[in-house]
Amino acid sequence: MIKKYYGYYNSPIGILEIICSEDSILSVMFVEQEKSVMNKANEILENTITQLNEYFNGSRKAFDLEVSLNGTDFQKNVWNELLKISYGETLSYKNLAIRVGNEKSVRAVGSANGRNKIWIIVPCHRVIGTNGSLTGYAGGIDKKQWLLNHEKNILSI
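Residue numbers for the sequence shown follow this note's numbering, so the first one is 2 and each next one is one higher.
In structure tokens, the structure reads:
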């Protein structure tokens, strides 16, 4: 059984719940409120909070954190491609499907993107519709729009 550590980060757009193991991040997702938890701190958790704070204040454009990608081989392939999308850039679901080796797998790519549990750090918010529309963000389209605008604004400074 993996020992889990829980922490929370109050971002400008909501509370992020961070779940870590002894050596990697398991989950970073928006939640409505903090829960009372037993295991509250470890080095991975503290480093994650520090890097999220740097991301939101505009001083960090790339995360340097160990993540645990738990899913099918296809999902892991999609999530690894997400990690290659540069800060402030976007990629269409179709182009992401091409990158994972099957242009016709757009729906499967969208499903895998939606199952990502390490939001912001594994930047699923950077995937958009072919026509530029902001579709499918489990945290809400408003948060997706904010994150994309934040990154573009930081790049323009």
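Here a beta-carbon is modelled for each residue, glycine too, at the ideal position from N, C-alpha and C.
Quick caveat: nothing in here was measured; it's all calculated off a predicted structure.
Checklist entry - Any contact of the stretch 99-111 with the stretch 46-54, i.e. 3+ C-beta pairs under 8 Å? => result Not touching, per the Cβ criterion.
Item to check | Pick from E44, S25 and C21 that is closest to V38, judged by C-alpha positions | outcome: That would be C21, whose Cα lies nearest to the Cα of V38.
Checklist entry - Excluding the five sequence neighbours on either side, which residues of its own chain have a C-beta within less than 8 Å of the C-beta of Y138, listed in chain order? => result Here Y138 has C125, H126, K144 and K145 as same chain residues with Cβ atoms under 8 Å from its own Cβ, once five neighbours each way along the sequence are excluded.
Checklist entry - Nearest-angstrom Cα distance between E35 and N154? => result About 29 Å.
Next on the checklist: By the DSSP assignment, the alpha helix (DSSP H) with Y9 in it spans what residues?
Outcome noted: It is not in any alpha helix (DSSP H) - Y9 instead sits in the beta strand (DSSP E) that spans Y6 to S12.
Next on the checklist: Within a Cβ cutoff of 6 Å, which residues of the same chain sit near E152, ignoring the five residues on either side of it in sequence?
Outcome noted: The residues are Y88 and G89.
Checklist entry - Once you ignore the five residues that flank V111 on each side, which residues in its own chain have a CB closer than 7 Å to its CB? => result Position check: residue 111 holds Gly in this sequence, whereas Val was assumed. Taking G111 as the centre and dropping the five residues before and after it, the same chain places the C-beta of Y94 and G137 closer than 7 Å to its C-beta, in chain order.
Item to check | When G72, D74, K77 and K85 are compared against F64, the one with the closest alpha-carbon | outcome: Nearest option by C-alpha distance: K85.
Next on the checklist: M30 and E18 - do their beta-carbons sit closer together than 7 Å?
Outcome noted: Contact: yes.
Checklist entry - Rounded C-beta distance between G15 and K41? I'm assuming under 8 Å. => result Their Cβ separation, rounded to whole angstroms, is 20 Å, which puts G15 and K41 out of contact at 8 Å.
Next on the checklist: Going by DSSP in three states, E18 sits in which element: helix, strand or coil?
Outcome noted: In this structure, E18 counts as strand in the three-state DSSP scheme.
Item to check | Under the three-state DSSP convention, the category F31 falls into | outcome: Collapsing the DSSP output to three states places F31 in a strand.
Checklist entry - N58: buried (16+ other C-beta within 10 angstroms of its C-beta) or exposed? => result Its Cβ having fewer than 16 others within 10 Å, N58 is exposed.
Checklist entry - Which residues does DSSP pair with V159 in a beta bridge? => result For the chain, the structure presents residues 2 to 158; residue 159 sits outside this window and is missing.
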